Amino acid sequence: MSETVLNVNEICKDFGGIRALDEVSLTVHNKEIAALIGPNGAGKTTFFNCITGIYTPTSGDVLLKSKEGQDRRVNGMKANHVTELGTARTFQNIRLFPSMTTLENVMIGTHCRSKSGIWGAISRNRKSRSEENEVIEKSYHLLELVGLEQYANELACNLPYGKQRRLEIARAMATDPFLLLLDEPAAGMNPQETLALQDLIIKLREEYDMSILLIEHDMKMVMSVSDSIFVLDYGRLIASGNAEEVSENPAVIKAYLGEGEDV
Amino acid sequence: MSNTVVAEKGTQGGLAFFFTAGCDSFAESLKKSVLAALWFMFLTFPIMVIRVDTIENTIEWRWLNLALIGIGTFVLSFLWRWMLARKELNKGAAAKESSLERSLTLATSIPAAKWTLLACVAVVAVGFPHVAGMYQTNIMISCLTYIALGLGLNIVVGLAGLLDLGYVAFYAVGAYAYALANMHWGFGFWTILPIGALLGTLFGIMLGFPVLRLRGDYLAIVTLGFGEIIRLVLENWGDVTMGPSGIAGIDRPTFFGIEFGVMNSINYMYYIMLGLIVLTIFCVNRLQNSRIGRAWLALREDEIACQAMGIDKTKTKLMAFALGATWAGMAGVVFAAKTTFINPASFTFWESAIILSVVVIGGMGSIRGVIAGAIILILVPEYLRAFAEFRMLIFGATMVLVMVFRPQGLIRAKRKVYKYEKASVTGAANE
């Protein structure tokens with residue numbers, strides 16, 4: 229396998245006396261699509277929050293490949309610094325900026341890759357103008373990528389649900405990540421939209437060299453797109469492997485369907 | 006779809022709709038109105054009906070007032086319900102644009118109309134002190150001051166969404182900076198104007214640091230406390246600030262060393278303030294559609310998502326606080342120069358509340374809204390002086406009405422429309 233971009237080493241997260249994550253280890257390789265699945269409340273989103281700096285893990289290491297090729301330990305870092313290093317995420321319950329336009333939402337993503345400050349904004353000198361044009365251009369391309377270019381000047385809150393999810397992906401892509409974390413990207417989508425999303429995810433990997441870690445409940449999609457699957461249950465990693473291995477794993481079947489009582 | 010809209014419009018105008026608005030039947034709305042009338046008659050009974058004549062030792066019963074209040078409330082309650090029901094029906098339409106906003110958008114979309122409109126405003130603004138008297142000009146200066154303050158607070162509250170109730174503290178910092186520097190060292194207005202602005206920025210950052218982790222109500226309380234602390238310091242640190250008696254005899258601004266008489270200097274003050282406003286509008290307008298402005302908006306909309314998208318929350322918040330305070334500092338210097346006398350009583354919580362009302366009633370994050378808000382909130386009470394004791398009542402009623410019928414403010418903020426020329430980037434657009 230190629231080099232790893234994300235290496236999570238036995239992280240734990242406690243909320244008071246509750247252990248939400250218990251020694252979870254996981255690796256994502258370059259240009260790999262990995263899926264994190266598990267029943268509701270298994271700790272999948274908590275895991276995402278620990279990686280992206282929204283929570284600080286109680287113990288363990290989150291190592292992220294940096295631009296120089298070395299591993300950087302990111303736990304305890306602020307969310308915006310983690311994003312600057314090259315991860316970007318979407319949210320389970322869509323967190324767009326509702327009263328900004330679709331294009332502006334994507335432009336926000338470019339914030340950490342651009343520089344112009346207060347003086348640049350007020351004077352509108354050549355440097356900040358050209359930077360602004362670049363930002364607009366890049367954001368338009370990303371909107372085209374997710375097929376939302378005709379909604380560019382529409383307020384984000386007026387978009388239908390499925391399109392909002394795609395917009396979140398475009399916004400995440402605007403931060404120039406190498407690792408994309410998608411939290412239930414297909415939730416609330418109809419089968420056609422899910423298929424289109426599947427194509428988009430594969431396209432992101434092929435054309436933009438993304439490594440992708442996604443949380444998803446749509447098993448059909450998970451099984452067809454992911455190279456490796458990790459299963460969480462009650463904060464513990466109970467299985468990992470490719471689609472076949474995982475779907476035949478008795479522990480996974482037990483977690484999802486429960487165990488028969490009849491002896 | 007369009008049929009239902011037409012139908013709604015039809016019922017909306019009808020007399021039947023007026024009489025049953027907000028109720029199931031006419032009987033019910035009649036009952037509601039009668040109850041409202043009885044309740045108001047009861048409430049106002051002691052003040053509107055009984056009049057005690059302490060000299061003659063008699064009580065006068067003014068039953069006519071009671072009847073008038075009953076009838077008035079009865080009619081008004083129908084009107085009130087009708088307006089509320091109409092607002093409910095038009096909810097979809099209200100989300101779009103009001104007629105005022107629509108005409109403004111239309112006017113600004115045509116370049117010729119836009120420039121004519123701007124030229125008209127400029128001519129009126131420049132010519133105002135020559136046409137109106139000294140009293141009117143003075144009122145206009147204070148209105149302009151509130152526009153500047155409102156636009157400054159708009160950065161903090163409207164754009165970045167940080168509820169700041171102690172904004173007047175920075176205003177006080179600017180005013181006292183000029184008053185003290187002028188009293189002790191004889192510094193002139195033009196020297197202190199940038200220094201006052203800078204001090205405002207500094208205090209903005211000083212307040213910003215400890216409140217970085219706070220949001221919403223908590224932030225409001227802490228900033229309120231900060232505002233009061235500054236005022237109390239000004240009041241009690243008599244050795245430096247001269248205490249409650251204030252500082253008098255502050256120099257008016259000079260024009261390249263030339264001093265003016267009282268009349269001319271008011272006109273001069275007006276033009277200085279006008280220049281400051283133009284500068285403020287220019288800066289705020291450019292800021293709000295920049296990278297920084299977008300970051301502020303994102304911070305207001307969703308703090309967690311904003312941080313996850315790589316925006317440094319700390320830096321962005323501090324920038325908003327600092328820039329907002331800069332304008333308050335500047336306005337403070339102008340205020341001290343205009344009144345030539347300042348004392349802590351000018352910087353009470355009431356001022357903060359008024360500035361905040363200007364922003365909220367005008368429309369959060371909207372420059373035109375803030376200007377409209379300041380004009381209404383500052384000029385209306387002035388011109389209502391004719392109504393003497395009802396002045397504040399009408400003022401309060403205006404605020405309530407605006408909040409009920411236009412909670413999003415008089416003129417809402419509009420996002421910039423970006424145009425994208427494909428031709429310029431054909432090479433890259435191929436993928």
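Here the protein sequences line up with chains X and Y, keeping their order.
Going letter by letter, the first sequence gives residues 229 to 491 in the numbering used here.
Going letter by letter, the second sequence gives residues 6 to 436 in the numbering used here.
Think of the CB as a built atom: it goes at the ideal place given N, C-alpha and C, for glycine as much as any other residue.
Model, not experiment: these values are computed from the prediction.
Within 9 Å of the CB of Tyr423 (chain Y), the CB atoms of chain X belong to Thr329, Leu331, Glu332, Met335, Ile364, Ser367, Tyr368, Ala380, Asn381, in sequence order along the chain.
His339 (chain X) has its alpha-carbon roughly 29 Å from the corresponding atom of Gly334 (chain Y). Between the segment 314 to 324 of chain X and the segment 411 to 421 of chain Y, the count of C-beta pairs closer than 8 Å stays below three; the two stretches do not touch. Closer than 8 Å to the CB of Ser253 (chain X) there is not a single CB belonging to chain Y. One Cα belongs to Val338 (chain Y), the other to Tyr181 (chain Y), and the distance between them is close to 8 Å. Here Ile160 (chain Y) carries a helix assignment [DSSP, helix/strand/coil]. Taking a cut-off of 8 Å on C-beta distances, the segment 174 to 193 of chain Y does not touch the segment 289 to 303 of chain Y, as fewer than three cross pairs fall below it.
Around Ser114 (chain Y), no beta-carbon contact reaches into chain X at under 8 Å, the shortest distance being about 14 Å. With its beta carbon less than 8 Å from one in chain Y, Asn308 (chain X) belongs to the interface.
A residue is called buried once 16 or more other Cβ atoms fall within 10 Å of its Cβ, and Ser468 (chain X) is buried on that count. Taking 3 residues as the shortest admissible run, the segment 251 to 282 of chain X contains the following complete beta strand (DSSP E) segments, listed from N- to C-terminal end: 261 to 265.
Only those residues of the segment 429 to 445 of chain X whose C-beta falls short of 9 Å from the nearest C-beta of chain Y are listed: Glu435.
Straight-line spacing of the CA atoms in Lys391 (chain X) and Leu376 (chain X) works out to 7 Å. Using a Cβ-Cβ distance cut-off of 8 Å, the segment 392 to 402 of chain X and the segment 361 to 370 of chain X are in contact, since at least three pairs of beta carbons, one from each stretch, lie closer than that value.
Per the C-alpha coordinates, the member of X:Glu472, X:Val459, X:Ala471 positioned closest to Ala483 (chain X) is X:Val459. Less than 8 Å separates the beta-carbon of Met328 (chain X) from that of Glu306 (chain Y). Within the same chain, Gly251, Ile252, Ala253, Gly254, Ile255 come within 8 Å of Phe346 (chain Y) by CB-CB distance, once the 5 residues on both sides are set aside. Contact with chain Y is absent for Gly271 (chain X), since none of that chain's Cβ atoms lies less than 8 Å from the residue's Cβ. Chain X places no beta carbon closer than 8 Å to that of Arg220 (chain Y), leaving this residue out of the contacts. Counting the other Cβ atoms within 10 Å of the Cβ of Leu69 (chain Y) gives fewer than 16, which makes it exposed.
Just so you know, the alpha carbons of Asn386 (chain X) and Pro413 (chain X) end up roughly 19 Å apart.
Look at Trp242 (chain Y) here: in three-state DSSP terms it is coil, with no helix or strand label. Going by beta carbons, Ala112 (chain Y) and Leu122 (chain Y) fall inside the 8 Å limit. In this structure, Val374 (chain X) keeps its C-beta atom at 8 Å or more from the C-beta atom of Ile350 (chain X). For Thr403 (chain X), the residues of chain Y that pass the 8 Å Cβ criterion are Met314, Gly315, in the order they occur in the chain. Beta-bridge partners assigned by DSSP to Phe260 (chain Y): Y:Ile263. Between the segment 358 to 374 of chain Y and the segment 158 to 169 of chain Y there are three or more C-beta pairs closer than 8 Å, enough to call the two in contact. For Ala303 (chain Y), the C-beta contacts it makes with chain X under 9 Å involve Phe325, Met328, Glu332, Asn333, Ile336, His339, in order along the chain. Less than 8 Å divides the Cβ of Trp66 (chain Y) from the Cβ of Val54 (chain Y). Chain Y has a Cβ within less than 8 Å of the Cβ of Arg399 (chain X). Taken in chain order, the members of the segment 317 to 350 of chain Y whose beta-carbon sits within less than 8 Å of a beta-carbon on chain X are Asp317, Lys318, Met324, Leu328. Contact annotation: Leu164 (chain Y) and Trp301 (chain Y) have beta-carbon atoms nearer than 8 Å. In this structure, Asp461 (chain X) lies near Pro267 (chain X), with their beta-carbon atoms less than 8 Å apart. For the segment 165 to 176 of chain Y, there are no residues whose beta carbon sits under 7 Å from a beta carbon of chain X. Looking at the backbone, the Cα of Glu476 (chain X) and that of Tyr283 (chain X) are separated by about 33 Å.
Less than 8 Å separates the beta-carbon of Thr311 (chain X) from that of Gly315 (chain Y).
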